[in-house]
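Since the structure comes first, as structure tokens, the remarks are kept for the end.
Residue numbers (my numbering), protein chains in the order written: chain A, 1 to 291; chain B, 1 to 136.
As structure tokens, then:
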């Protein structure tokens, strides 16, 4: 049985914890709004881009001279997994869900006899995968100093990935991130970025009578690397919104749990306080009777 | 009364302009071109340069780098990797771009890649000319 003083301290400490989680929740809510706005602002660009790429890929992609970024290297032996996670924890299952999906995929590929390479973006994903796949790590991108992810961050990652592709380090690249649905739902997603597929948006494809300046092939070759950057940027933004959403709901839960705990501890505290008073009274009364 | 066309300028981070314009001058990869209403459908890549918009509400200029423009009868959409209104452009930003161009040029020279050297040199000259043009 804890003493009254212990209980009092305990209640105070839980109250302090609640203050912190409440503050984190509110910060996450504000950041979430910004992240969602950023994701929305980026949407027109990605949509337009994909529509044009779908048109181009449709007319050039099938030929033998198609760039490798679309047609692939003709093999799928070496697989690069690009795992996007956050730099900070305390965001519920966000990081572990992404790592879990990546781990599952990596194990499948290894079982199928493929070579797996892992590129991590964000500290948490690296920590989660280090033990199992540490020897397959080919690189890590640190975004901990970045306050707000910009297109240039995506470009840097894309440059790294494309450099490795040009050097023949891998055949297929897959991006792992969490797609933002709403504050309580974030779906871990795997998306293949190299070779690129632009078929999904085909219904919005272009009418075929465009003039191309310079040539279709030249434009495609120029735009494909940008497409990789665009996809990475979109994934980074989705991830940013997901992270804040996950943190917000995790901290909301934590705040509520702290409240419940305070209620329980307070009842316990009051009971033992009453018990102390009662026993004191009994002592006084029985002392008086004895006289 | 000149005809109008829809003009959209979007960068990956935000949408910069969406308005009715009478003519837009684009720095195309093969040379500058001016888009006017009812232009033949065209897709062109961009080289870094100035994009000039003429609209009934007044003219505006943007610095764009990389990306492409899609032109059709109804309008023009420009998807630029980086787009900054010249009114917001600062010397520091321009210096950064010039520095980038300079590094690209240097890297190309070091690796002895001939077409890249000429490209990069052109880019560098473009950037510096741009600075004088907008008087920074």
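We put the CB at the ideal spot given by N, CA and C, even for glycine.
Nearest-angstrom Cα separation, counted from residue j out to residue i
i: residue 268 of chain A; j: residue 92 of chain A; result: 30 Å
i: residue 103 of chain A; j: residue 133 of chain A; result: 8 Å
i: residue 83 of chain B; j: residue 18 of chain B; result: 14 Å
i: residue 291 of chain A; j: residue 271 of chain A; result: 31 Å
i: residue 126 of chain B; j: residue 21 of chain A; result: 52 Å
i: residue 87 of chain A; j: residue 140 of chain A; result: 12 Å
i: residue 259 of chain A; j: residue 184 of chain A; result: 20 Å
i: residue 235 of chain A; j: residue 31 of chain A; result: 17 Å
i: residue 6 of chain A; j: residue 254 of chain A; result: 22 Å
i: residue 51 of chain A; j: residue 44 of chain A; result: 11 Å
i: residue 196 of chain A; j: residue 263 of chain A; result: 55 Å
i: residue 162 of chain A; j: residue 47 of chain B; result: 21 Å
i: residue 108 of chain A; j: residue 72 of chain B; result: 47 Å
i: residue 138 of chain A; j: residue 119 of chain A; result: 6 Å
i: residue 232 of chain A; j: residue 265 of chain A; result: 48 Å
i: residue 15 of chain A; j: residue 25 of chain A; result: 15 Å
Contacts that residue i makes with chain A (C-beta to C-beta distance below 7 Å)
i: residue 79 of chain B; result: 45, 48 and 49
i: residue 14 of chain B; result: 41
i: residue 28 of chain B; result: 213
Beta carbon of residue i nearer than 7 Å to that of residue j
i: residue 85 of chain A; j: residue 124 of chain A; result: yes
i: residue 23 of chain B; j: residue 54 of chain B; result: yes
i: residue 94 of chain A; j: residue 238 of chain A; result: no
i: residue 168 of chain A; j: residue 53 of chain A; result: no
i: residue 217 of chain A; j: residue 41 of chain B; result: no
Check: residue i C-beta below 6 Å from any heavy atom of the ligand MN
i: residue 104 of chain B; result: Annotation note on the ligand MN: not contained in the displayed structure, which lists no ligands.
DSSP-derived helix/strand/coil call for residue i
i: residue 183 of chain A; result: coil
i: residue 39 of chain B; result: coil
i: residue 170 of chain A; result: coil
i: residue 73 of chain A; result: coil
i: residue 67 of chain A; result: coil
i: residue 203 of chain A; result: At residue 203 of chain A the pLDDT is 47, less than 50, meaning the model places this residue with poor confidence; the figure from the coordinates comes in the next sentence. Correct three-state label for residue 203 of chain A: helix.
i: residue 72 of chain B; result: coil
i: residue 21 of chain A; result: helix
i: residue 12 of chain B; result: coil
i: residue 22 of chain B; result: coil
i: residue 269 of chain A; result: helix
i: residue 229 of chain A; result: helix
i: residue 151 of chain A; result: helix
Contact list for residue i against chain B, beta-carbon separation under 7 Å
i: residue 85 of chain A; result: Those within 7 Å of residue 85 of chain A in chain B number zero; the least Cβ separation is about 21 Å.
i: residue 210 of chain A; result: 41, 42 and 43
Neighbouring residues, chain A, relative to residue i (Cβ below 9 Å)
i: residue 68 of chain B; result: 49, 52, 219, 222, 223 and 226
Within chain A, the residues that residue i reaches when beta carbons sit closer than 8 Å
i: residue 10 of chain B; result: 44, 45 and 48
Closer than 8 Å at the beta carbon, the chain B residues around residue i
i: residue 120 of chain A; result: By Cβ distance, chain B contributes nothing, its closest Cβ being about 23 Å from residue 120 of chain A, past 8 Å.
i: residue 230 of chain A; result: 12
- Query: Which residues, taken in chain order from the region 30 to 44 of chain B, show a beta carbon closer than 7 Å to some beta carbon of chain A?
  - Reply: For chain A, the residues of the region 30 to 44 of chain B that bring a beta carbon within less than 7 Å of one of its beta carbons are 30, 40, 41, 42, 43 and 44, in chain order.
- Item | Contact set between the region 124 to 156 of chain A and chain E, restricted to residues whose Cβ is under 7 Å from the partner | The chain inventory of the structure shown lacks chain E, comprising the protein chains A and B.
- Output, in sequence order along the chain, the residues in the region 171 to 186 of chain A whose CB is closer than 8 Å to any CB in chain B. For chain B, none of the residues of the region 171 to 186 of chain A brings a beta carbon within less than 8 Å of one of its beta carbons.
- Residues from the region 231 to 249 of chain A in contact with chain B, defined by Cβ distance under 7 Å: Within the region 231 to 249 of chain A, contact with chain B at the beta-carbon level (separation under 7 Å) is assigned to 233.
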